[in-house]
Ligand code: PMV
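Numbering (this note's numbering), first residue to last: 265 to 586.
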């Protein structure tokens, strides 16, 4: 076997955003939009990469030169994951990688994490290193930290395990919920958020009011624990209430934007059980949960204030060989 193709899902954070960076829990769902990587082994000791969705064509580097500070931005995750694998399990051959995406990297659906997981799974498979999910998580999460310096790893977990997960920062706990499906309305703000800088801005704010932030994180934990019970009971009204509380906490952390809050408030006014931003804030997407008879009103309200509805499915499988 010289070539394998692997795909992994994107994600949306349901509850616990930002607090999860401070070892608190979150709930994350994988979504139907997937990344794909086709990896081949070749005799030449180089990494070759084609990633058209992020404008990378004909990128080549000798395996011995991988890593370092001069990697183009859109290549960083892939080059670093190959580098990390190669450090641990030295490659006897070179690799050619081609990626393909179902979704734009601007939505904040976790394309970087999903592609990192795909490439790692494919290379380990080709090299006969059958890494289990825990080992995949460890190496992929290390790669995210090497590139971004910050992050809880929830997006890596969603790409590996799929479904809906209860996740504690750093992968301390990764539990698959028995309920894998939730009907989500997703509104894109039109602005791409820069997650690492938002995480750093929360860290800076926290220094000015550490005791307050501990309470915000404790309250976030409350929302996640209650939300977990509600989702397992399929009580989406209670789940929506937790989303609304959680949004208040995120607004206190300063990561809401005018556009996100406009979409969130009109969604609630149009009959959603709950609505909140999803992820780092500062842009990207908001999510809402609504009774079935209100879904089209909620979507129309979000569109009216300039949001773009993105259709997503949940109950999707984690990383898999295609
Ligand atoms: O911006 P996203 O969708 O990648 O989500 C970031 C979520 C944070 O909690 C802010 C950071 C993290 O790594 O958990």
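Using N, Cα and C, we set each Cβ at its ideal position, and we do this for glycine too.
Closest by C-alpha distance to residue i, when choosing among the options
i, options, result
"residue 520", "532, 506, 498 and 543", "543"
"residue 416", "578, 472 and 464", "464"
"residue 397", "359, 410, 437 and 364", "437"
"residue 292", "575, 435 and 384", "435"
"residue 505", "268, 279, 267 and 266", "279"
"residue 359", "553, 340, 405 and 266", "266"
"residue 585", "548, 477 and 394", "394"
"residue 455", "523, 409 and 502", "523"
"residue 361", "303, 268, 403 and 269", "303"
"residue 576", "380, 459 and 371", "371"
"residue 344", "474, 568 and 387", "387"
"residue 574", "439, 330 and 448", "448"
"residue 356", "306, 497 and 553", "306"
"residue 412", "428, 335, 479 and 475", "335"
"residue 399", "578, 364, 366 and 352", "352"
"residue 512", "479, 571 and 459", "479"
"residue 498", "401, 569, 518 and 553", "553"
"residue 277", "475, 532 and 459", "459"
"residue 475", "439, 517 and 331", "517"
"residue 493", "525, 541 and 430", "430"
"residue 363", "331, 471, 308 and 322", "322"
"residue 541", "331, 329 and 525", "525"
"residue 354", "330, 365 and 341", "330"
Beta-carbon spacing of residue i, residue j below 9 Å
i, j, result
"residue 324", "residue 310", "yes"
"residue 527", "residue 539", "yes"
"residue 250", "residue 507", "Since the first and last residues shown for the chain are 265 and 586, residue 250 lies out of range."
"residue 580", "residue 295", "yes"
"residue 379", "residue 457", "no"
"residue 419", "residue 374", "yes"
"residue 555", "residue 500", "yes"
"residue 317", "residue 376", "no"
"residue 350", "residue 327", "yes"
"residue 385", "residue 583", "yes"
"residue 432", "residue 284", "yes"
"residue 257", "residue 282", "This structure cannot settle anything about residue 257, because the visible part of the chain is limited to 265 through 586."
"residue 348", "residue 320", "no"
"residue 491", "residue 510", "yes"
"residue 428", "residue 495", "yes"
8 Å contact criterion, which residue i and residue j should meet: CB distance rounded
i, j, result
"residue 551", "residue 450", "6 Å"
"residue 391", "residue 452", "About 38 Å separates the two Cβ atoms, so there is no contact after all."
"residue 382", "residue 469", "Rounded, the Cβ-Cβ distance is 35 Å, inconsistent with contact."
"residue 569", "residue 389", "With 8 Å as the limit, residue 569 and residue 389 do not qualify as a contact, their Cβ atoms being about 45 Å apart."
Below-9 Å beta-carbon distance, residue i vs any chain B residue
i, result
"residue 528", "Absence of chain B from the displayed structure is noted, only one protein chain being present."
Touching by the beta-carbon criterion (3+ pairs, under 8 Å), the stretch 268-286 and the stretch 423-438: yes
Can you confirm whether the stretch 478-490 touches the stretch 281-298 when touching is taken to mean that 3 or more C-beta pairs between the two stretches lie within less than 8 Å? Contact check between the stretch 281-298 and the stretch 478-490: three or more CB pairs, one atom from each, fall below 8 Å, which counts as touching.
Check whether the stretch 441-449 touches the stretch 464-478, taking contact to mean three or more Cβ pairs, one atom from each stretch, closer than 8 Å. no
Using 8 Å as the threshold, is the stretch 552-559 in touch with the stretch 397-408, meaning 3 or more CB pairs across them? no
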